[in-house]
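Residue numbers (our numbering): 31 to 285. For each residue, glycine too, the CB sits at the ideal point set by N, CA and C.
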DNA sequence: ATGGCTTATTGTATAAGA
């Protein structure tokens, strides 16, 4: 079972890139973030033609998450429990044997703002959601745009970036309890070297210079991680025509 | 110090992203 995540920065703008990638990589599940449209305008028919069902949580203009899957997603949850009108940043569903939780963590800029403290609070809420709804002995995958690089090897300049949103100590400290709940970073099961990133700024030729950060993740509970046979970041779409600023992140499981 | 790009919007500059 191949599970992937991709912040597409508008599904309307990225539909050709996403359909091409689905045909090429044939994931069983693709979690999308920043679809930037309401559910009614999500191009579900185009994905149905390729054999994918869609569960969508959208809103106008900003945010928006969706799960594409070859098997129909069931038991779909949109947003944190009891907050159906909040920002469209979390969607969860059962796909076959796996509970899939797809998140778009707030960016949090600028540093020190209400948005920054709100990001830290959102991560605390994510941990509380896992505590309330699930246990780490389930087959569960948490994937999405975490907007946090966990470790120094995940950013191109750890010293300089420690003072910038995405890699500040409080953000990393807020993400740690989510991992400590019982989740394994599948990418790091297979790759320990620095220099592997999932996001590069559109500006300053950041992709060509590989000035990136690894902020998109596929995290699995221990029983699911035990079945992980490979994980990687596909840089190719980032270098393509009219790209998202994020690359797809993929993990394969022997399920 | 700022902006550098990209996207969506009852748009033609602004907000947000990261």
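Following the DSSP letters along the chain, one finds residue 43 inside the alpha helix (DSSP H) bounded by residues 41-55. Boundaries for residue 155: no beta strand (DSSP E) harbours it, while the alpha helix (DSSP H) harbouring it runs 144-163, taken from the DSSP string. Residue 195 is positioned such that its CB atom lies closer than 8 angstroms to that of residue 141. Counting along the chain, residue 201 sits inside no beta strand (DSSP E); it lies in the alpha helix (DSSP H) bounded by residues 199-210. In this structure, residue 72 sits near residue 96, with a CB-CB distance shorter than 8 angstroms. Excluding residues up to 5 positions away in sequence, 32, 259 and 260 lie with their Cβ nearer than 6 angstroms to the Cβ of residue 282 in the same chain.
In the DSSP annotation of this structure, the continuous segment of the beta strand (DSSP E) that includes residue 83 starts and ends at 83-87. Nearest to residue 256 by alpha-carbon distance, out of 247, 272, 284 and 53, is 284. Distance between residue 121 and residue 162, taken at the CA atoms: about 16 angstroms. For the options 240, 39 and 231, the alpha carbon positioned closest to that of residue 224 is the one of 240. Shown here for residue 116: same chain residues with a beta carbon closer than 6 angstroms to its own, the five before and five after excluded, namely 109 in chain order.
Residue range 279-283 is occupied by the beta strand (DSSP E) that includes residue 283. One thing to note: residue 228 has its Cβ no nearer than 8 angstroms to the Cβ of residue 238. In its chain, beyond the 5 residues on either side, 83 have a beta carbon closer than 6 angstroms to the beta carbon of residue 102.
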